[in-house]
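Below: one structure, written as structure tokens.
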Amino acid sequence: MNVPLLDLKPQLARLRPQILEAVTRVIDSTGYILGREVTAFEEKIANYCGTAYGVGVSSGTDALLAALMSLDIGPGDLVLTTPYTFFATMGTVLRTGALPVFVDVEADSLNIDPQAIAEALEADRKTGSRIKAIIPVHLYGQCADMQRIMALSQEYGVPVIEDAAQAIGAEFPFEQEGRIVWKRAGSMGLCGCFSFFPSKNLGGIGDGGMISTSDHGFTEILKSNRNHGAEPKYYHSRVGGNFRLDPIQAAVLAIKLDYLEAWHAARRQNAAHYRQLFLDAGLIDAPVILPRAMYAEVEGAEGHNHHIYNQFVILVPQRDELRQFLQSQSVGCEIYYPLCLHQQECLQSETYRRQSFPVSQNAAATSLALPIYPELSHEQLAHVVAMIQRFYQRT
Ligand SMILES: *Cc1c(COP(=O)(O)O)cnc(C)c1O
């Protein structure tokens, strides 16, 4: 049995006529830069996320870069983030001339640790308050502890840019006066950055991204920055870039957004099914670790984070051998991420290389993402777990 890590063909087969119609409509309109399609999709995303505005951009990476540039972050500044994320989270910080400050993640969610954020902000306050932004990453599709992070943001006056590239539609339960208020990824910080890379839960037919925010002034700066800082045309009070969202992508994504909740639900069901299969196979806790918070919701825990399972990740011993074995059995799997950011060669600084973030480094050494896309059959999920069981019986 073949179980690819991701197969976009079933989704395409279902939506193909609508997608072709939308693409044709844009082509025939001859309006190829921004315009109605982009504006309509921006409103749709803002509405979905629970923010006042959306600013369509060319990728998730450019969403982060435009957000940092719009906060005037640059040389001499520091940005606090996690070392266990996709490279773009740090790459964009470095491109502004600022430097990242890393703090470790929590073992049960692999999301940035609010206690460690508090300590870093306190230390920074004593040494000149150079930290100009915090970028929590909602890793694998589950929000970081945004209630505590936003409290720290207010206490220290440091804005939060949510890297929500993997987490569109994920929700965090805020406790407000004894009540739970669910807030969506991208609506809690100053802004949220989304990616429509094809493998994300909402994926385009190419690159695309979005920044969500409810701050009117910040929206104006973002819109200016995505278009070379031109205001009016050919007059540049700031240096932006070309970060514009393609209207073809906007038109296709607007169609797909209507299906997103159903796709999230199917991914959640797959996660619950995996968990049951691992339990039945006697693999849970040893050798297969399902980090607790990442599966609390499918275990039925009350009031827990709504996870959208962009990735379904297990922690395992002999991870590299297991990966090879699964691939030899036509079971797709991938490592997100094999190396922490502070260990990346491009940083070229002893200060970073001497640092140690044990939880992140353990995750980098043991994490493995399994197929989780909505159209997987129960037989395919069972096959994945059976192959993992076979591997650990052999070794
Ligand atoms: C995908 C991703 C990005 C970058 O998005 P692109 O659209 O590929 O540029 C940034 N951060 C995280 C956490 C991501 O997963």
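My numbering numbers the first residue of the sequence shown as 63 and each following residue consecutively. We put the CB at the ideal spot given by N, CA and C, even for glycine.
Under the assumption that residue i contacts residue j (Cβ atoms under 8 Å), give the Cβ distance between them as a whole number of angstroms.
i: Asn263; j: His326; result: 7 Å
i: Gly270; j: Ser171; result: Not a contact, Cβ separation roughly 27 Å.
i: Asp69; j: Tyr435; result: 6 Å
i: Lys309; j: Gly97; result: Rather than Lys, the amino acid found at residue 309 in this sequence is Pro. Correct: roughly 6 Å between the Cβ atoms.
i: Ala160; j: Leu126; result: Ala160 to Leu126, Cβ: 12 Å. No contact.
i: Leu252; j: Leu214; result: 14 Å between Cβ atoms; not a contact.
i: Asn289; j: Arg306; result: 7 Å
i: Ala431; j: Val375; result: 5 Å
i: Ile242; j: Val220; result: Contact flag wrong, Cβ pair sits at about 26 Å.
i: Ala316; j: Lys106; result: 6 Å
i: Gly203; j: Tyr357; result: That pair is no contact at about 12 Å.
i: Glu99; j: Ala313; result: 5 Å
i: Glu437; j: Gln73; result: 7 Å
Go through its chain and collect everything with a Cβ distance to residue i's Cβ below 6 Å, but skip five positions before and after it.
i: Val421; result: Asp166, Val167, Ala169
i: Ser392; result: Asn64
i: Ala102; result: none
i: Ala355; result: Asp170, Ser171
i: Gln209; result: Phe236
i: Ser276; result: Thr113, Ala114
i: Pro162; result: Val141, Thr143, Met152, Val155
i: Ile174; result: Thr144, Val167, Pro198, Ala206
i: Ser429; result: Val375, Leu377
How about residue i and residue j: are their beta carbons less than 9 Å apart?
i: Lys245; j: Glu233; result: yes
i: Val350; j: Val65; result: no
i: Val141; j: Ile197; result: yes
i: Ala448; j: Arg381; result: no
i: His369; j: Ala333; result: yes
i: Tyr321; j: Leu82; result: no
i: Tyr399; j: Gly231; result: no
i: Ile267; j: Val378; result: no
i: Ile346; j: Leu388; result: no
i: Leu67; j: Glu293; result: no
i: Leu403; j: Thr144; result: yes
i: Arg187; j: Tyr146; result: no
i: Arg385; j: Val360; result: no
i: Phe258; j: Gln311; result: yes
i: Leu409; j: Arg416; result: no
i: Gly394; j: Pro353; result: no
i: Glu104; j: Met272; result: yes
For residue i, which residues of its own chain have a beta-carbon under 7 Å away from its beta-carbon, when the five flanking residues on both sides are left out?
i: Ala108; result: Ala114, Tyr115, Gly116, Ser274
i: Leu443; result: Asn332, His335, Tyr336, Leu339
i: Ser132; result: Phe280, Ile283, Leu284, Asn287
i: Ile179; result: Leu142, Val165, Ile196, Ile211, Leu214
i: Arg157; result: Leu127
i: Ile135; result: Val141, Thr158, Ala160, Lys194, Ala195
i: Tyr94; result: Pro309
i: Gln423; result: Cys402
i: Gly265; result: Phe258, Phe259
Among residues of its own chain, excluding the 5 on either side of residue i, which ones have a beta-carbon nearer than 8 Å to its beta-carbon?
i: Leu401; result: Ala426
i: Gly302; result: Ala128, Met131, Ser286, Asn287, Arg288, Asn289, His290, Gly291, Ala292
i: Phe419; result: Pro145, Tyr146, Phe164, Val165, Asp166, Val167, Cys402, His404
i: Glu441; result: Met63
i: Glu181; result: Val165
i: Thr123; result: Ala150, Gly153, Thr154, Ser257, Gly271
i: His366; result: Pro235, Ala355, Ala358, Glu359
i: Asn304; result: Ser120, Arg288, Asn289, His290
Going by the C-beta, is residue i closer than 8 Å to any heavy atom of ligand 2?
i: Thr158; result: Questions concerning ligand 2 fall outside what the structure shown contains, since the ligands it does hold are ligand 1.
Check whether the segment 215-233 touches the segment 247-264, taking contact to mean three or more Cβ pairs, one atom from each stretch, closer than 8 Å. The count of Cβ pairs closer than 8 Å, one atom from the segment 215-233 and one from the segment 247-264, reaches three, so the stretches are in contact.
Taking only runs that begin and end inside the segment 300-336, name each unbroken alpha helix (DSSP H) of 4 or more residues, in chain order. Correct list: 309-319.
Just list the alpha helix (DSSP H) runs in the segment 113-143, keeping only unbroken ones of 4 residues or longer that don't cross its boundaries, in chain order. Whole alpha helix (DSSP H) segments, 4+ residues: 122-132.
At which residue ranges does the segment 385-424 contain complete alpha helix (DSSP H) runs of 4 or more residues, listed in the order of the chain? Within the segment 385-424, the complete alpha helix (DSSP H) segments at least 4 residues long are 412-415, listed from N- to C-terminus.
Length-filtered (4 minimum) alpha helix (DSSP H) runs lying within the segment 207-269: For the segment 207-269, whole alpha helix (DSSP H) runs of length 4 or above, ordered along the chain, are 208-218.
Note down, one range per segment and in chain order, each beta strand (DSSP E) of at least 3 residues found wholly within the segment 148-190. 161-164, all fully within the segment 148-190.
Output the residue ranges of the alpha helix (DSSP H) runs that lie fully inside the segment 69-93 and measure 4 residues or longer, sorted by chain position. If we require 4 residues or more, the alpha helix (DSSP H) runs fully inside the segment 69-93 come out as 71-91.
Ordered list of alpha helix (DSSP H) runs contained in the segment 343-381, each at least 4 residues: Counting whole runs of 4 or more residues, the segment 343-381 contains the alpha helix (DSSP H) stretches 354-357.
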